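Engineer: Here you go, one structure.
The structure is reproduced here in structure tokens:
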């Protein structure tokens, strides 16, 4: 593939120059020209008002050396931590069920660790079968045995799609599986669809910190592997009567050169897993004081949510880094994100702009956070939030 | 000890803004920089060298101007750098990038390989673990502290979603690091002067002994089908009226959303 400008039709308006994140477009002889630095991101294609920047397919693109039709079925890697299946696994079973039905194929879950009863529950959440190993090697997370066993299972059973949570665990070991299989892996997807014509998986993900969205394909290799952010997909309905099969996976010598000596759960009162929270109340520099977080904590508690923060508040030392949302912190997508005293720098926006509803409370009516907000209140947060807390308490009674 | 650091030159996403009307990407200027997480990887490498001795060699795969990023690493105190650059590598996805880095690192020699947890342009966090798989060595991702290291063994703290794990690994090993691990040092004036004059050694396709089927666009299993602007948020509204009423209508909304 190449990206080219149809030089005869280019009007040299220059709009494409700023659209290129890699600065790979130059003006030469009064025409736009795509240089060798082009990374094929296609950002320029939609920007050109004349529509004269086009993509040209190269002849003879290498094809995968495998028979794609041999690969059938959708798999969900169901991760567990401390013997408890993660919520994201149930969400993925909901999404996987939809994909499998569309492809008229089966949905399987893969569970390393946990009990037989846990494996059975995954059937209730939509799986037709569960590949399960309860071996103690999986009690703690180690990349090598996880990736080796998943690789072996894929080789043996040939699924066409594998999806896993974009969590610390999934994002760490799934790349090893993809590397070894020589197949594509798309990180942090926010939507998955089936291409009606080809049956390929359309993997939609944010890039450039969420400023653009990209649809990624893996047409010539199998399986198509994607990690999906927690809280993006919807769980299906749990049906305890659902029938399915548990396939116990035998373990042979799995190599493991890492060893988990200790696991530390940071159970400070407000250390809720931000990426799984449905409601996040975040504070920024506008709080003016670390004590402000006590008030946010109370609000979060009333809404069953967690407390987040902007980088400014972390840099001030008001709250630990683990709460930071944004480019250099966590990316979150709760149902409701309440930004209190956060101006809304792009680095913060990219970490929370996919939230369903954003509520902004800020003194400055010009703060960019209001551009991203569903609801905005211009006012002093030390007036607004106590009032909000009071009204919520009344509403609860 | 041979310490290798993998870095990437990225567009400065602070320059990237969203056009609120068209919701498309506007880039002002052409600033490039070292991926911020990679600065922490470089600092970690320099600290390991200070503790156990050895050399720090930084590599990057990218276009010729990525040389600038390598000069910056030299000015921070790295011993050597290599620019992995060839037209054949253009358009690489994470698989092809990891393969190319693996072919280069295999030739360089290594005991510890350090990477930033992810690059801020792609945000995939895949290349590090993939390189480890190609090299058939263990890796530990999201490292926030190196507790101990000697020539055989390393013990680190690895961030997890609910806290952290203390993990031990044999060497060689690849680590990806988060910003909590350290504060990157600033280049010294002397370092800057030396870096300016340094010749940047290059590795091209021919020198890697790589398979042409595995590099660049042709070696990439994934393809970008299209890109588009993120869907615009529905109805934005700044609430009006008395503060009391504004808060009241907010509570009503929260109630509709079944949050109360």
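Chains as they are written, first to last, in my numbering: chain X, 1 to 397; chain E, 1 to 260.
Heads up, the beta-carbon is just placed ideally off N, CA and C, and yes, glycines get one too.
All values reported here derive from a predicted model rather than from experimental measurement.
Residue 160 (chain E) and residue 178 (chain E): beta carbons closer than 9 Å?
Structural biologist: Result no, Cβ atoms of residue 160 (chain E) and residue 178 (chain E) do not sit closer than 9 Å.
Engineer: Which value, in whole angstroms, describes the spacing of the CA atoms of residue 86 (chain E) and residue 326 (chain X)?
Structural biologist: Roughly 34 Å separates the two Cα atoms.
Engineer: Given a cut-off of 9 Å on the beta-carbon distance, is the pair residue 398 (chain X) and residue 129 (chain X) in contact?
Structural biologist: Because chain X spans 1 through 397 in this model, residue 398 (chain X) falls outside it and cannot be assessed.
Engineer: Going by the beta-carbon positions, is the gap between residue 74 (chain X) and residue 107 (chain X) smaller than 9 Å?
Structural biologist: In this structure, residue 107 (chain X) lies closer than 9 Å to residue 74 (chain X) by Cβ.
Engineer: Among all the DSSP beta bridges, which residues are the ones paired with residue 139 (chain E)?
Structural biologist: Partner(s): E:174.
Engineer: Which residues mark the beginning and the end of the alpha helix (DSSP H) in which residue 399 (chain X) is found?
Structural biologist: In the structure as shown, chain X begins at 1 and stops at 397. Residue 399 (chain X) is therefore absent and cannot be evaluated.
Engineer: Run through chain X and tell me which residues come within less than 7 Å of residue 124 (chain E), C-beta to C-beta.
Structural biologist: Correct list: 187.
Engineer: Around the C-beta of residue 256 (chain E), are 16 or more other C-beta atoms found within 10 angstroms, so that it is buried, or is it exposed?
Structural biologist: Burial call: exposed.
Engineer: Spatial neighbours of residue 10 (chain X) within its chain, please: CB distance less than 8 Å, with the 5 preceding and 5 following residues excluded, ordered by chain position.
Structural biologist: These residues qualify, in order along the chain: 31, 32, 50 and 52.
Engineer: Return the CA-CA distance between residue 264 (chain X) and residue 156 (chain E), expressed in angstroms with no decimal places.
Structural biologist: Whole-angstrom Cα-Cα distance: 13 Å.
Engineer: Please identify the residue among X:146, X:156, X:316 and X:280 whose C-alpha is closest to the C-alpha of residue 352 (chain X).
Structural biologist: Nearest of X:146, X:156, X:316 and X:280 to residue 352 (chain X), Cα basis: X:280.
Engineer: Does any residue of chain E bring its CB to less than 9 Å from the CB of residue 169 (chain X)?
Structural biologist: Yes - at least one Cβ of chain E is within 9 Å of the one on residue 169 (chain X).
Engineer: At a Cβ cut of 9 Å, what residues of the segment 152–164 of chain E count as close to chain X, listed as they run along the chain?
Structural biologist: Of all residues in the segment 152–164 of chain E, 155, 157, 158, 159, 160, 161, 162, 163 and 164 have a Cβ within less than 9 Å of some Cβ in chain X.
Engineer: What are the complete beta strand (DSSP E) segments, minimum 3 residues, inside the segment 203–264 of chain X?
Structural biologist: Runs of the beta strand (DSSP E) inside the segment 203–264 of chain X: 212–217, 224–228 and 245–248.
Engineer: What are the residues of the segment 76–91 of chain E that lie near chain X, defined by any Cβ-Cβ distance shorter than 8 Å?
Structural biologist: Within the segment 76–91 of chain E, the qualifying residues are 87, 90 and 91.
Engineer: Please give the ranges of any alpha helix (DSSP H) in the segment 90–123 of chain E, keeping only runs that are unbroken, at least 4 residues long and fully inside the region.
Structural biologist: Runs of the alpha helix (DSSP H) inside the segment 90–123 of chain E: 94–108.
Engineer: How is residue 319 (chain X) classed by DSSP in three states: helix, strand or coil?
Structural biologist: The answer is coil: DSSP assigns residue 319 (chain X) none of H, G, I, E or B.
Engineer: Buried or exposed: residue 107 (chain E), going by 16 or more other Cβ atoms within 10 Å of its Cβ?
Structural biologist: Label assigned to residue 107 (chain E): exposed.
Engineer: Helix, strand or coil for residue 140 (chain X), going by three-state DSSP, please let me know.
Structural biologist: In the structure shown, residue 140 (chain X) sits in coil (DSSP, three-state: anything other than H, G, I, E or B).
Engineer: So, with DSSP's three-state summary, where would you put residue 161 (chain E)?
Structural biologist: It is coil, neither helix nor strand.
Engineer: If you draw a straight line from the alpha carbon of residue 36 (chain X) to that of residue 130 (chain E), how long is it in whole angstroms?
Structural biologist: When rounded, the distance between both Cα atoms is 26 Å.
Engineer: Check whether chain E comes within 9 Å of residue 46 (chain X), counting only Cβ atoms and requiring the distance to be less than that.
Structural biologist: Answer yes: the Cβ-Cβ gap between residue 46 (chain X) and chain E drops below 9 Å somewhere.
Engineer: Check the C-beta distance from residue 223 (chain X) over to residue 160 (chain X) and give it rounded, since I have them as a contact under 8 Å.
Structural biologist: Indeed, because the Cβ distance is near 6 Å, the residues count as touching under 8 Å.
Engineer: Tell me the rounded alpha-carbon separation between residue 38 (chain E) and residue 343 (chain X).
Structural biologist: About 27 Å.
Engineer: Within 10 angstroms of its Cβ, does residue 255 (chain X) collect 16 or more other Cβ (buried), or is it exposed?
Structural biologist: It is exposed - the Cβ of residue 255 (chain X) has fewer than 16 other Cβ atoms within 10 Å.
Engineer: What does DSSP give as the partner residues of residue 133 (chain X) in its beta bridges?
Structural biologist: Partner(s): X:112.
Engineer: Suppose you measure from the CA of residue 311 (chain X) to the CA of residue 249 (chain X); what does that come to, to the nearest Å?
Structural biologist: Looking at the two C-alpha atoms, the distance is approximately 45 Å.
Engineer: Cβ of residue 38 (chain X) within 9 Å of Cβ of residue 22 (chain X)?
Structural biologist: Yes, Cβ-Cβ distance for residue 38 (chain X) and residue 22 (chain X) is below 9 Å.
Engineer: Have a look at residue 102 (chain X) and residue 266 (chain X) and give me their C-alpha separation to the nearest angstrom.
Structural biologist: Cα to Cα, the separation comes out at about 41 Å.
Engineer: With a Cβ-Cβ cutoff of 9 Å, do residue 82 (chain E) and residue 45 (chain E) count as a contact?
Structural biologist: Not in contact: residue 82 (chain E) and residue 45 (chain E) (Cβ atoms no closer than 9 Å).
Engineer: Which full runs of the beta strand (DSSP E) of 3+ residues lie inside the segment 1–71 of chain X, going along the chain?
Structural biologist: Counting only runs of 3 or more, we get 2–5, 25–28, 31–34 and 53–56.
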